[in-house]
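> For reference, the structure I am asking about is given below.
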Amino acid sequence: MHALTMYVATSEGKQGVRANTVVPGLILTDAVRAHLSEDILGGLGRATLTPYVRQPQDVAELVVFLASEKSRYITGQMISIDGGMSAHVAMNTGD
Numbered sequence: 001m002h003a004l005t006m007y008v009a010t011s012e013g014k015q016g017v018r019a020n021t022v023v024p025g026l027i028l029t030d031a032v033r034a035h036l037s038e039d040i041l042g043g044l045g046r047a048t049l050t051p052y053v054r055q056p057q058d059v060a061e062l063v064v065f066l067a068s069e070k071s072r073y074i075t076g077q078m079i080s081i082d083g084g085m086s087a088h089v090a091m092n093t094g095d
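Residue 4 in UniProt numbering sits at position 4 of the sequence shown, with consecutive numbering throughout.
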C-alpha cells in the first residue's frame with residue numbers, strides 16, 4: 001500500500017492528484033465489541049497514549065479532512081490513527 005501511495009503521489013501530484021493512506025488501529029465498532037471480551041476491551045485503553053476510546057468517527061473525520069482542500073499540501077503520506085499505539089511498546093503495568 002505504501003508503494004502504491006508513493007507512486008500515485010509522485011506520478012500524479014503535478015496534476016493535482018493527492019494520494020495518502022490512512023492506517024487505523026483497532027476501532028471500536030459494534031462488530032469488534034461483539035467479538036472481544038470485556039477484559040480485552042478494557043485493556044485497549046491502556047495500550048494507547050491518549051485518554052480517548054477509539055471510535056469510527058475519529059477515522060471518518062481524518063478521511064474527510066484529507067479529501068478536503070484544507071489538506072491540499074498533504075500527499076504521499078501513511079497516516080496512522082491509532083492513539084499512539086504504533087509509537088510505543090505497551091508495557092505491562094501489573095494491573
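Think of the CB as a built atom: it goes at the ideal place given N, C-alpha and C, for glycine as much as any other residue.
Is methionine 1 helix, strand or coil when you go by DSSP?
Within the sequence shown, residue 1 is the residue found at index 1, counting from 1. It is coil, neither helix nor strand.
> Measuring CA to CA, which of Met85, His2, Leu36, Gly43 is closest to threonine 50?
Locating residue 50 in the sequence shown gives position 50, where the first residue counts as 1. Ranking Met85, His2, Leu36, Gly43 by Cα distance to threonine 50 puts Met85 first.
> Applying the criterion that 16 or more other CB atoms from any shown protein chain within 10 Å of the CB defines a buried residue, is aspartate 82 buried or exposed?
One-based indexing of the sequence shown puts residue 82 at position 82. Classification of aspartate 82: buried, given that the 10 Å Cβ count is 16 or more.
> Sort Ala34, Asn20, Val64 by Cα distance to glycine 4 and report the nearest one.
Within the sequence shown, the letter at position 4 stands for residue 4. Here residue 4 turns out to be leucine, not glycine, going by the sequence shown. Per the Cα distances, Asn20.
> Please go through the stretch 28-93 and give each complete alpha helix (DSSP H) segment of 4 or more residues, from N-terminal end onward.
Here the runs fully enclosed are 30-35, 38-44, 56-67.
> In terms of residue numbering, what span does the beta strand (DSSP E) encompassing valine 23 cover?
By 1-based counting over the sequence shown, the position of residue 23 is 23. Run containing valine 23: 20-24, per the beta strand (DSSP E) assignment.
> DSSP three-state label for glycine 16, please.
Looking up residue 16 in the sequence shown gives position 16. Correct three-state label for glycine 16: coil.
> Sort Met6, Val8, Arg18, Ser11 by Cα distance to isoleucine 74 and report the nearest one.
Along the sequence shown, one-based indexing puts residue 74 at 74. Looking at the Cα atoms, Arg18 is the closest of the given residues.
> Give the straight-line distance between the Cα atoms of alanine 60 and isoleucine 27, rounded to the nearest whole angstrom.
Reading the sequence shown from its first residue, position 60 is the one you call residue 60. Reading the sequence shown from its first residue, position 27 is the one you call residue 27. One C-alpha to the other measures close to 11 angstroms.
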